[in-house]
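Inspection log for the structure reproduced underneath, given as structure tokens.
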Amino acid sequence: MKIPKVTSILLVVLTSLTLLNFVLKYYTYFVLMVSSSKTSANEVNSIAQETGEVPHPHELYVPLLTFIPTRSPVFTRPWVLVTSSFIEENFVGLTLSFMLFFYMGKYLETMWGSKEFTEFIICNVIISNVALFIYYSIKLVLFDPESYAVPPVVITALAINMGFFVAIKQRIPNHYFLFFKGNVRLKVTYIPFILVSLVFVLLLVSEEFFISLLLSGLGFSISWSYLRFFKAGTNERQSYLLPFSLSRKRSNKSSHPVRASREGSSSSASTASALHLDHGLVRGDRSEQFSLYTFFPYPLSIPVKLVSGQIFNTMVRYKFLNKKDFYNEPEGVEDAQMEEIDALQNTFLGVSSLKGAGNVSALPRAGSFNSLWNWFKSGPKKVGIKSSMEKRRKLALKELE
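Residues in the sequence shown are numbered consecutively from 107, following the numbering used here.
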């Protein structure tokens with residue numbers, strides 16, 4: 107299969123910028139080595155003076171391609187906010203990013219189209235790097251500048267890779283990646299969570315991975331928010347039902363009405379042509395299968411669902427979101443999940459309803475926790491997807507009449 111245009115450009119940019127960064131860093135290293143051997147200690151390069159010796163190539167960075175938050179002049183070199191996300195520090199990172207760009211980029215661009223795919227990449231790259239720059243700037247203001255450590259160099263495609271995993275989860279949530287001849291299966295849904303957890307474990311080993319944790323978290327949140335609320339067009343799980351809004355294009359007042367003497371076929375054809383799907387009203391994937399809690403395995407998904415549900419109800423209450431734009435799972439799946447939540451509540455927060463019976467819960471002061479739990483669970487009842495389908499079917503039939 108031929109590689110799509112934008113994906114091929116991304117592969118060339120990733121490889122070219124990584125090699126250019128490698129060449130410039132080692133060129134600078136050799137220049138420092140030569141200058142330190144030919145000049146006196148007072149005339150050694152400023153970088154060597156700070157460290158007391160010539161730095162290793164991996165300790166150098168190319169200011170025209172990458173940036174250090176709060177230290178690099180980003181306002182005079184804004185392109186570094188983009189180029190830094192297409193450079194890998196080592197061969198292993200370059201290989202992994204190249205494979206992800208090739209396979210996932212090709213798949214997503216084929217499904218979405220070049221325009222949507224480009225918008226997704228640009229939003230992910232720019233917003234994540236700008237947010238990272240703002241974070242370190244605020245941190246510099248809050249802490250003493252003298253005791254404030256220099257931030258690491260932003261030089262990785264981790265945010266883009268995380269965005270690819272989120273997009274693949276949105277497309278094929280129930281598929282598996284098979285390893286070792288199918289003996290090891292990894293569900294696509296949980297790959298973003300596994301990646302963030304792996305980076306967190308590496309952070310416990312070395313603080314150098316803190317910026318990787320930030321980029322992976324930013325890549326996840328930005329990609330999910332974009333695909334959930336802002337991506338143009340409907341997704342397949344929504345559009346295979348009935349349209350969100352089936353509106354009729356009214357002809358202008360100056361146009362002549364359709365005569366009743368026309369044949370039935372021409373009448374039905376004109377009716378069909380007068381109807382159009384308004385895909386611009388609702389953006390993003392508003393289905394329950396792409397909710398935030400679905401990225402977390404059980405039982406972590408339970409508290410995430412409770413907290414995110416309260417945030418969602420608050421945003422609906424203040425008119426930031428419209429509850430009718432969201433589509434829920436089938437009733438059977440929803441009931442099974444609620445049974446799991448009720449079972450967990452009865453196990454840890456259960457209180458006997460018999461008079462004179464003591465607290466039978468596994469936790470002390472379970473009554474207070476139980477009230478808090480019920481408050482999290484409270485909220486308007488969700489409408490199942492079957493009810494939603496029935497309502498939209500009636501609206502469509504009404505328009506056809």
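Glycine included, C-beta positions come from ideal geometry on N, C-alpha and C.
Which residues does DSSP list as the beta-bridge partners of residue i?
| i | result |
| --- | --- |
| L284 | R291 |
| F173 | V260 |
So what's residue i in DSSP terms, helix, strand or just coil?
| i | result |
| --- | --- |
| V260 | strand |
| N196 | coil |
| N235 | helix |
| F249 | coil |
| W330 | helix |
| G219 | coil |
| S414 | helix |
| T182 | coil |
| A255 | coil |
| P279 | coil |
| K108 | coil |
| K131 | helix |
| F207 | helix |
| Y241 | helix |
| V168 | coil |
| K212 | helix |
| P163 | helix |
| A338 | coil |
| F270 | helix |
| F426 | coil |
| P405 | coil |
| S143 | helix |
| S312 | coil |
When you compare only the Cα positions, how much space is there between residue i and residue j?
| i | j | result |
| --- | --- | --- |
| I201 | S142 | The residue asked about is misnamed: residue 201 is Thr in this sequence, not Ile. One C-alpha to the other measures close to 35 Å. |
| V290 | F283 | 8 Å |
| R334 | L166 | 39 Å |
| V410 | T400 | 9 Å |
| P584 | I227 | Any answer about residue 584 is impossible in this case: the structure gives the chain only from 107 up to 507. |
| T216 | K275 | 16 Å |
| K111 | S220 | 7 Å |
| W185 | G288 | 43 Å |
| P257 | S312 | 14 Å |
| L516 | V413 | This structure does not reach residue 516, given that the chain is present from 107 up to 507, and the question cannot be answered. |
| H281 | L292 | 9 Å |
| V168 | L138 | 14 Å |
| S191 | I232 | 9 Å |
| V129 | K108 | 31 Å |
| G415 | V247 | 34 Å |
| K425 | A255 | 42 Å |
| T134 | V236 | 28 Å |
| G199 | E225 | 24 Å |
| S243 | I417 | 28 Å |
| I317 | L503 | 54 Å |
| T113 | L506 | 42 Å |
| E314 | F181 | 26 Å |
| F173 | F306 | 23 Å |
| I300 | T420 | 29 Å |
| F197 | R423 | 50 Å |
| V140 | H164 | 18 Å |
Measuring CA to CA, which of the options is closest to residue i?
| i | options | result |
| --- | --- | --- |
| L320 | F335, V302, L333 | V302 |
| L398 | T295, V307, T420 | T295 |
| K245 | T176, S114, K293 | T176 |
| F207 | V118, T400, E394, N428 | V118 |
| I240 | L324, P403, T224, G390 | L324 |
| L126 | E195, M268, K429, W218 | E195 |
| P403 | V188, I297, N267, S122 | I297 |
| F326 | S393, N230, P163 | N230 |
| E222 | R277, K337, T182 | K337 |
| S393 | M421, I417, V129, K429 | K429 |
| R389 | I408, L427, M421, V422 | L427 |
| L170 | S318, F316, T124, F249 | T124 |
| F396 | I417, V422, F432 | F432 |
| V188 | S178, S234, L214 | S234 |
| K212 | L116, N419, H162 | L116 |
| H162 | S178, V140, K131 | K131 |
| L214 | I193, S178, R277, L308 | R277 |
To the nearest whole angstrom, what separates the beta carbons of residue i and residue j, a pair I think is in contact under 8 Å?
| i | j | result |
| --- | --- | --- |
| F329 | A273 | Looking at the sequence shown, residue 329 is not Phe but Ser. Contact flag correct, Cβ pair sits at about 7 Å. |
| M210 | F270 | 4 Å |
| A265 | L120 | A265 to L120, Cβ: 13 Å. No contact. |
| N267 | S203 | 6 Å |
| V260 | L238 | 6 Å |
Under 8 Å from any heavy atom of the ligand MN, does the C-beta of residue i make it?
| i | result |
| --- | --- |
| Y404 | Ligands are entirely absent from the displayed structure, and the ligand MN is therefore not among its contents. |
Does any residue of chain D bring its CB to less than 9 Å from the CB of residue i?
| i | result |
| --- | --- |
| L264 | No chain D appears in this structure, which consists of one protein chain only. |
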